[in-house]
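Student:
Residue numbers (this note's numbering): 7 to 186.
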């Protein structure tokens with residue numbers, strides 16, 4: 007009696023069907039993955055700015071000396087920032103550049119430096135209500151997440167999502183639309 011050989015491997019048709027299924031899955035998942043990457047860039051930029059501001063504040067308190075966050079660019083297009091001792095940025099603590107796909111703006115003001123005194127309060131804070139920085143993706147597509155980095159007059163920093171209500175610093179009765 008002769009043994010029947012069992013076939014091993016896959017046929018060409020089975021291979022094509024498998025590739026077609028994989029291609030369909032990739033085409034469905036790719037847009038969601040791209041949106042996730044963009045949202046992560048926005049979130050990481052907001053976190054970097056918050057952490058840099060907090061670093062300047064904590065260093066001011068720890069060293070009992072004034073430290074600043076110097077913003078590069080203007081209020082409508084901040085391109086990066088440097089953290090260091092106020093007036094002396096030769097010994098920089100942090101240097102950050104904003105990703106070219108991300109738009110970082112200060113909602114109100116002229117993107118002036120953020121100066122902390124030796125107690126960790128913002129220098130000249132008696133005139134400051136708060137400062138709001140918006141972090142958005144430059145394409146402005148719907149479904150992309152925006153963030154607001156809010157700096158209070160006491161020097162504390164928080165991050166809010168675009169869908170949360172944010173008061174206008176100049177007129178608290180109004181709210182700010184982020185990334186609109």
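Heads up, the beta-carbon is just placed ideally off N, CA and C, and yes, glycines get one too.
Is there at least one Cβ from chain B nearer than 8 Å to residue 62's Cβ?
Tutor: The structure shown contains no chain B; it holds only a single protein chain.
Student: Which residue wins for smallest C-alpha separation from residue 79, given the options 102, 90, 66?
Tutor: By one-based count along the chain shown, residue 79 stands at place 73. Looking at the Cα atoms, 102 is the closest of the given residues.
Student: Smallest Cα separation from residue 88: which of 112, 62, 106, 67?
Tutor: Along the chain shown, one-based indexing puts residue 88 at 82. Cα-wise, what sits closest to residue 88 is 62.
Student: Check this for me: beta carbons of residue 108 and residue 48, under 8 Å apart or not?
Tutor: Mapped onto the chain shown, residue 108 falls at position 102. Mapped onto the chain shown, residue 48 falls at position 42. Yes, Cβ-Cβ distance for residue 108 and residue 48 is below 8 Å.
Student: Less than 6 Å between C-beta atoms, sequence neighbours within five positions excluded: which residues of the same chain meet that for residue 86?
Tutor: The residue you call residue 86 lines up with position 80 of the chain shown. Here the set comprises 78, 102, 103, 104.
Student: Would you call the CB atoms of residue 234 and residue 52 closer than 8 Å?
Tutor: Nothing about residue 234 can be read from this structure; the chain reaches only from 7 to 186.
Student: Give a yes or no on whether the C-beta atoms belonging to residue 66 and residue 126 are separated by under 8 Å.
Tutor: Along the chain shown, read from residue 1 onward, the residue named residue 66 stands at position 60. Along the chain shown, read from residue 1 onward, the residue named residue 126 stands at position 120. At the C-beta level, residue 66 and residue 126 come within 8 Å of one another.
Student: What distance in whole Å lies between the Cβ atoms of residue 172 and residue 182, which are believed to be in contact at a cut-off of 8 Å?
Tutor: The count along the chain shown starts at 1 and reaches residue 182 at position 176. The count along the chain shown starts at 1 and reaches residue 172 at position 166. With 8 Å as the limit, residue 182 and residue 172 qualify as a contact, their Cβ atoms being about 5 Å apart.
Student: So what does residue 173 bridge to, in DSSP terms?
Tutor: Numbered from 1 along the chain shown, position 167 holds the residue referred to as residue 173. In the DSSP output, where bridge partners are listed per residue, residue 173 has 181.
Student: If contacts are defined as beta-carbon pairs under 8 Å, then residue 74 and residue 145 qualify, I think. What distance do you get, rounded to the angstrom?
Tutor: The residue you call residue 74 lines up with position 68 of the chain shown. The residue you call residue 145 lines up with position 139 of the chain shown. Rounded, the Cβ-Cβ distance is 32 Å, inconsistent with contact.
Student: Please classify residue 106 as buried or exposed, where buried requires at least 16 neighbouring CB atoms within 10 angstroms.
Tutor: Locating residue 106 in the chain shown gives position 100, counting from the first residue. That one is exposed.
Student: Name, in chain order, the residues that DSSP records as bridge partners for residue 137.
Tutor: Within the chain shown, the letter at position 131 stands for residue 137. Residue 137 is bridged to 157.
Student: From the DSSP output, in three-state form, read off residue 106 for me.
Tutor: For the purposes of this step, residue 106 is taken as residue 100 along the chain shown, with counting starting at 1. The answer is coil: DSSP assigns residue 106 none of H, G, I, E or B.
Student: Counting only the same chain and skipping the five closest in sequence on each side, list residues whose C-beta sits under 6 Å from that of residue 139.
Tutor: Here residue 139 refers to the residue found at position 133 when the chain shown is read from its first residue. If we look at residue 139 and ignore the five residues flanking it on each side, its Cβ neighbours are 112, 155.
Student: Could you pull the start and end residues of the alpha helix (DSSP H) that residue 91 belongs to?
Tutor: Taking the first residue of the chain shown as 1, we reach residue 91 at position 85. Note, residue 91: premise wrong, no alpha helix (DSSP H); beta strand (DSSP E) at 83-91.
Student: Using the three-state DSSP reduction, which class does residue 42 fall into: helix, strand or coil?
Tutor: In the chain shown, residue 42 corresponds to position 36, counting from 1. Residue 42: helix per DSSP, three-state reduction.
Student: In the DSSP output, which residue or residues are listed as bridge partners for residue 78?
Tutor: Stepping through the chain shown from its first residue, residue 78 is reached at position 72. Note: residue 78 sits in a beta bridge opposite 86.
Student: Alpha carbon to alpha carbon, how far is residue 143 from residue 137?
Tutor: Translated into the one-based positions of the chain shown, residue 143 becomes position 137. Translated into the one-based positions of the chain shown, residue 137 becomes position 131. Approximately 20 Å between the Cα atoms of the pair.
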